[in-house]
Amino acid sequence: MTQPLPAPLRQPARLLAWLAVAATLITGLAARAEAPEPAATVDEVVSPRVSPHDDRDYRALTLDNGLSVLLVSDPEADQAAASLNVGVGSAQDPEDLAGLAHFLEHMLFLGTDAYPASDAYQAYLSRHGGSHNAFTAPHDTNYFFDIEPDALAGALDRFSRFFVAPLFNADRLESERNVVHSEYQARIRDDGRRAQDVLDQLLNPEHPTTGFSVGSRETLADRPAGEPSLRERVIDFYENHYGANVMHLAVVAPQSLDELEAMVTERFAEVPDRGLSRPVIEAPLVAAQTLPRAAEMQSVRDSQRVSFLFPVPDPQEAYRHKPADYLANLLGHEGEGSLLAVLREAGWADGLSAGVTRGDGRHALFAVDISLTPDGAERLDRIQESLFATIERIREAGLAEWRYEEQARLAEQQFRFQQHGSPQGDAMRLAMNLSRYPLKDVNVAPYRMDGFDRDQITRWLDGLRPDRMLRLYSGPEVEGEKVSPWFDAPWREVEATGEAEPLAGLALPEPNPYIAEDLELLDRHDEVPEKRIEVPGFSFWYKADASFDTPKVEWRFSLQHPAASREAREAALSRLLAGWLGDSLNETLYPARLAGHGFEAYAHARGITLSFSGWRDRQDRLIARVLDQLQEGEIDAASFDRVHYRLQREWRNAPQDALYRQAHRTLAEALVRPQWPTDALLEASRELGVEDLRDFRERFLADLRLEAMAVGNLDAALAEREARQVAEALSPSLADDEIPDLVPLQADELPALTPTTTREESLVLRYLQGPDRSLASQARLAVLGQLLETPFYQRLRTEEQLGYVVNAGYSPMLDAPGISLLVQSPDTASEAIQERIDAFLDDFAGRLEALDDEELAPYRQAVHDELMQRDTSLSGRTNRLWRALAYGDIAFDRHRRLAERALAVTAEELREGWPELREEAVARVSFDPGDEPSDVLALSHHLKPLPEDHD
């Protein structure tokens, strides 16, 4: 896989599904507008380069104080969003205050001159259907939010004051320090953090990114007498590093550019111009005289990996030609003859990625990261020599203009047919790109490949030599005499060189046969899917979609079998079959993935889904190849062993997952049928062999129901023809009622549960389940969850400091409504957490008593608007429609009907339903270190289905 390895980031303060967007700098935008006469506070107005299939208007401007702004007017947006990137991060932490930049990020949210209440910002956003977050990286700190468009001005009022007059309340220092420490403790067993901690010991100690970036009670302790206080140090850091000149703001909203410009200039003109510039790091990332060097570290998870790292120039300045991307594409290739292909064939590896990490503007590391099998872990020297043999092959024959032009062509296609992300994701991406690239290139920079430059690529390639290598291996068996300073990882240095023979069979990629030629956009567009085929055993839904201006199509084929999850053994075999299909096609279909065609096979309770996404042109080849492999491909022992090992490793490592994830998983295992716990799947898989999988495939394909959907830029005739070809190949025959449904269960007789975990924190998950699956119940609980969210977070996290992971809100299980209240703490026992939750719920009952419909109105509206948010990508729309079909929503309007119901919820309804909700059907998941896990299946086998929706 060609992808950069992530630099060590502090994850944002609240746990949101779209967290990954924070590090993504690649989805482009489009369109431009004529700029009006600049306002008095605007120094310069320009427009960025945009793609041709985007009707949004852009305006980039620089305020008089030096703050750079990019405005995007999107009349179709149903949310407004903003992101401000500050060009300072943990690399600027003082030596005696590790984690100060991160601590400042936390403190900034807790009150300003105009809005002194610590929850003023969050409460306003919550009332208006918004969300917010921030993250601190080595060289950046990014703050972002989204909100209902009509409330954007008020949100910017509050947001802008963070950068003008924050209070840094002295009475919040201790509580927020505890929150930062809780965040540190929640990450302390994360193998990625541990690896970075060990790597920091091998890099140049003079480089400022090798320190501890999160912060703890120890590193952020009160200062000794006679020294400036911690609050004074926070203020000093803020005044020395936060200024308009190093800030880049992006706003995406449906308002006009003139309206947005007026909002921004009025509010951000006060940000001080302190004459700052982004810090430049002179110290090299690696001391060249220490190389080559190798180390081994002990992993927490049952996982073995090796990273080969090489110091190279930061490729940011070379973004127009992308020499590092060119090399990463060749080294990270997974097709026939690639390094990964020969390692997989030898049984030594099951994954590989290549790219640049730890960039600081001048220096970086080129990394090749390999996921190993146990056999591979014993052959590091031969893997190392095979890597250098691949590099030598690139040096001899890989620098070819046609290869560069092929990559450039694919990048141009991606840029030409970009799809909008969410307003928040776009704002974050643009603010970060604005801080890195010239204004005109903020959209196109990740896609520019301006021409083949052999000399430039050679300079990066020359850095990938054995004498410049830094190798880091991690595995659970390692015993080290050293311990990393912050994440307690045992490690040791070992010899960096060894004599070994590289593997045979290495080859460079051939020309890609899957690059799309026909990129014509078709005009047809349907509002909802239509059932085009209904025959015994097979139904097909089709929706022409031209709204995203891309000649792409999304296909979903659900291959349903009555026994797919009847027993844990069958469920494990379903996962093995889906995994084998993807694994056995990896080399063959990797060029298709590079060309923009996606394929995934995944198992679920009713069978296996085949998911295809990508260009309409040549997609039929991909579908045909997958079906042929599913039916006729040889299930050989090597492929079976790879998938079997990978799944067992995943299930063995489940107890190491974040504790809050384990709690939610335990709850789902108890309240949804059919559903099998990971330990049951692991146990069932132990006796399975290749013959079992061959037999299961035969039985599975012989007894199918097929449900399919196509959404995208294709005509009905082509869609029907391709759907019928799939049906003819698979010959499905079962009726819909022969396939068991997923069923949510009633929680009223469920005993308290304890997850199977090795974590050392404490946790409580309280789940309040609605009385039935009706739209009325779903609407009531959704509004109630919106009302609960901010006060629960404010009280248990900000005020009572119980932990970093604290959240509450609406949490449906399938279509069964429920509210979850969760606290994960490093040092508060579950019994004490239960008491705090009880006290909160007691007080919340009082709030409900005083609640009137006028106060409730914005929360109802927020729920309505969230349900009615537009789809921001073709894949997102397809997934929404596919889920609706799984719930039997063949009119595809359930979300609209639920949104309408939410607007009708009254305060009196919430009061009337609260006593029963709090007491009748309450599920509890809790854990303290040393607790014995529950037998979830035994404790939940007697539960009855939750009554269905009778709307």
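Reading the sequence shown from the start, the letters are residues 575 to 1525 in the working numbering.
Ideal placement from N, C-alpha and C gives every residue a C-beta, glycine not left out.
To the nearest angstrom, how far is it from the Cα of residue i to the Cα of residue j?
i: residue 1467; j: residue 1326; result: 37 Å
i: residue 1509; j: residue 1323; result: 15 Å
i: residue 1519; j: residue 1389; result: 12 Å
i: residue 1209; j: residue 1268; result: 7 Å
i: residue 941; j: residue 1089; result: 27 Å
i: residue 1199; j: residue 1187; result: 15 Å
i: residue 827; j: residue 1015; result: 21 Å
i: residue 1407; j: residue 681; result: 24 Å
i: residue 599; j: residue 1152; result: Residue placement at residue 599 cannot be trusted, given a pLDDT of 27 that sits under 50; the coordinates are not used to answer.
i: residue 731; j: residue 839; result: 11 Å
i: residue 899; j: residue 1085; result: 17 Å
i: residue 640; j: residue 631; result: 23 Å
i: residue 768; j: residue 1225; result: 21 Å
i: residue 787; j: residue 798; result: 22 Å
i: residue 658; j: residue 1320; result: 45 Å
i: residue 1047; j: residue 955; result: 12 Å
i: residue 603; j: residue 993; result: A caution first: residue 603 carries a pLDDT of 27, below 50, which makes its placement in the model too unreliable to give a value.
i: residue 1140; j: residue 1228; result: 22 Å
i: residue 1299; j: residue 1278; result: 16 Å
i: residue 1501; j: residue 755; result: 20 Å
Suppose contacts are defined by Cβ-Cβ distances below 7 Å. Is residue i in contact with residue j by that definition?
i: residue 1359; j: residue 1384; result: yes
i: residue 560; j: residue 1111; result: The shown model of the chain, from 575 to 1525, leaves out residue 560, and the question about it has no answer.
i: residue 1499; j: residue 1237; result: yes
i: residue 1353; j: residue 1472; result: yes
i: residue 723; j: residue 654; result: yes
i: residue 1266; j: residue 1213; result: no
i: residue 831; j: residue 825; result: no
i: residue 1041; j: residue 858; result: no
i: residue 1375; j: residue 749; result: yes
i: residue 1171; j: residue 1204; result: no
i: residue 928; j: residue 950; result: no
i: residue 685; j: residue 743; result: yes
i: residue 871; j: residue 1070; result: no
i: residue 874; j: residue 1028; result: no
i: residue 1368; j: residue 745; result: no
i: residue 1023; j: residue 982; result: yes
Ends of the alpha helix (DSSP H) at residue i?
i: residue 1180; result: Element bounds for residue 1180: n/a, residue is neither H nor E.
i: residue 752; result: 747–761
i: residue 1199; result: 1193–1206
i: residue 1171; result: Residue 1171 -> no alpha helix (DSSP H), and no H or E assigned at all.
i: residue 1300; result: 1290–1304
i: residue 1452; result: 1448–1460
i: residue 805; result: 804–815
i: residue 916; result: 913–920
Roughly how far, in whole angstroms, is the beta-carbon of residue i from the beta-carbon of residue j, given that I think they are within contact range, below 8 Å?
i: residue 868; j: residue 1073; result: In fact, because the Cβ distance is near 15 Å, the residues do not count as touching under 8 Å.
i: residue 1316; j: residue 1138; result: The Cβ separation is near 11 Å, so there is no contact.
i: residue 1346; j: residue 1521; result: 4 Å
i: residue 901; j: residue 964; result: Not really, about 11 Å apart at Cβ, beyond 8 Å.
i: residue 1242; j: residue 1387; result: 6 Å
If you follow the beta strand (DSSP E) that residue i is in, where does it begin and where does it stop?
i: residue 1383; result: 1379–1384
i: residue 925; result: 923–931
i: residue 1129; result: 1126–1134
i: residue 642; result: 642–647
i: residue 870; result: 867–872
i: residue 1274; result: Here residue 1274 belongs to no beta strand (DSSP E); instead the alpha helix (DSSP H) covers 1264–1275.
i: residue 1065; result: 1064–1068
i: residue 887; result: 878–887
i: residue 1527; result: An answer regarding residue 1527 cannot be provided, because it is not within the stretch 575 to 1525 covered by the chain.
Query raised in the report: For the 8 Å Cβ check, are there 3 or more pairs between the stretch 1121–1135 and the stretch 1267–1287?
Result: Two segments are said to touch when three or more pairs of C-beta atoms, one from each, lie closer than 8 Å; by this definition the stretch 1121–1135 touches the stretch 1267–1287.
Query raised in the report: Looking at C-beta atoms only, is the number of pairs between the stretch 790–801 and the stretch 965–983 that lie closer than 8 Å three or more?
Result: no
Query - At least three beta-carbon pairs within less than 8 Å, the stretch 1003–1016 to the stretch 664–671 - result: no
Requested in this report: Decide if the stretch 931–945 is in contact with the stretch 1054–1069; the criterion is three or more beta carbon pairs, one per stretch, under 8 Å apart.
Outcome: No: fewer than three Cβ pairs fall under 8 Å.
Query raised in the report: Using 8 Å as the Cβ pair cut-off and three pairs as the minimum, do the stretch 1013–1031 and the stretch 620–627 touch?
Result: Because the criterion of three Cβ pairs below 8 Å is met, the stretch 1013–1031 and the stretch 620–627 touch.
Query raised in the report: Three or more C-beta pairs closer than 8 Å, one from the stretch 1090–1101 and one from the stretch 894–909: is that the case here?
Result: no
Query - Stretch pair the stretch 686–693 + the stretch 1417–1435: three plus CB contacts closer than 8 Å - result: no
Query raised in the report: When the Cβ atoms of the stretch 980–994 are set against those of the stretch 942–962, are three or more pairs found closer than 8 Å?
Result: no
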